[in-house]
Amino acid sequence: MEKGRGANEKNLFLMLFSIMMACSFHIQPADAAVTKDEKKTTMTMTEDQVGFFMADSTNVNYYPTWLYYKFTIFNAEGCTLKIKLQRITLTGHAITLSEKEFTGNHLHLSAADKVSGTPHRNHFLDITKVSGCGDVGITGFYGFEHEMPDYSS
13 MEKGRGANEK NLFLMLFSIM MACSFHIQPA DAAVTKDEKK TTMTMTEDQV GFFMADSTNV
73 NYYPTWLYYK FTIFNAEGCT LKIKLQRITL TGHAITLSEK EFTGNHLHLS AADKVSGTPH
133 RNHFLDITKV SGCGDVGITG FYGFEHEMPD YSS
């Protein structure tokens with residue numbers, strides 16, 4: 013019986029020692045800072061299609077990237093707009109990452125989307141009138157968000 017008691021004390025000592033060692037390590041938190049590279053636009057869309065080229069040239073370290081837009085759409089009663097976020101390949105082809113349709117007016121930047129993009133690559137925002145549209149007013153923002161490591165912690 014003495015032999016079993018010593019083994020239990022040894023296991024208890026090793027367990028307590030392991031817990032104390034684990035608690036003594038200081039692991040710094042992994043924080044990230046989000047930066048925005050956005051453009052503001054205000055326009056009256058008189059043509060059937062309009063697009064914006066989006067060059068992700070500020071992200072030279074290839075940090076995770078999101079493309080987004082937030083628009084207010086007005087004078088669009090009975091009108092449907094199709095908005096696409098696309099990546100432009102090296103050969104010039106457009107790969108659609110997201111496609112949404114918005115019908116009617118959308119106030120307070122409610123016509124919005126956000127998708128993961130390809131870091132340090134070219135993208136395109138395409139807006140097309142689908143049906144029932146006259147001159148449509150669009151105002152808002154589009155651009156990139158980058159998640160950069162924050163080493164200041």
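Residue numbers (our numbering): 13 to 165. Virtual Cβ for every residue (Gly too), placed ideally from N, Cα, C. Everything numeric in this text was worked out from a predicted model, so none of it was measured.
Residue range of the beta strand (DSSP E) that residue i falls in?
i	result
Gly152	Val148 to Pro161
Val62	Gln61 to Ala67
Leu121	His118 to Ser128
Glu113	Ala106 to Thr115
Asn134	Asn134 to Ser143
Thr84	Thr77 to Phe86
Phe97	Checking the sequence, you will find Leu at residue 97 rather than Phe. Start and end: Thr92 to Ile100.
If you draw a straight line from the C-alpha of residue i to the C-alpha of residue j, how long is it?
i	j	result
Ser30	Ala19	16 Å
Met13	Ala45	Because Met13 carries a pLDDT of 45, less than 50, the predicted location of this residue cannot be relied on, and the following value inherits that uncertainty. Approximately 60 Å between the Cα atoms of the pair.
Asp49	Thr58	27 Å
Glu159	Tyr80	14 Å
Thr54	Ser143	22 Å
Thr140	Gly152	16 Å
Lys82	Ala124	4 Å
Ile100	Phe156	15 Å
Cys145	Tyr75	39 Å
Leu28	Pro161	35 Å
Lys52	Asp147	19 Å
Leu24	Cys35	17 Å
If contacts are defined as beta-carbon pairs under 8 Å, then residue i and residue j qualify, I think. What distance do you get, rounded to the angstrom?
i	j	result
Leu93	Glu113	7 Å
Lys96	Glu111	5 Å
Thr84	His120	6 Å
Pick from the options: whose alpha carbon is nearest that of residue i?
i	options	result
Asn73	His132, Glu21, Lys52 and Lys96	His132
Asn117	Gly149, Phe153 and Glu159	Gly149
Glu89	Phe83, Gln61, Thr115 and Pro161	Thr115
Gly104	Asn87, His135, Lys82 and Leu28	His135
Met66	Leu28, Thr77 and Cys91	Thr77
Phe64	Asp162, Tyr154 and Pro161	Tyr154
Thr130	Phe25, Thr108 and Leu121	Thr108
Cys91	Ser128, Asp60 and Ala34	Asp60
Ser128	Ala34, Gln98 and Leu102	Gln98
Phe86	Lys52, Ser122, Leu24 and Leu102	Ser122
Ala47	Cys35, Asp68 and Thr56	In the sequence as presented, Ala is not what sits at residue 47; that position holds Thr. With distances taken between Cα atoms, Thr47 lies closest to Asp68.
Contact criterion: CB-CB distance below 8 Å. Does residue i meet it with respect to chain C?
i	result
Lys51	Note that chain C does not occur in the displayed structure, where there is just one protein chain.
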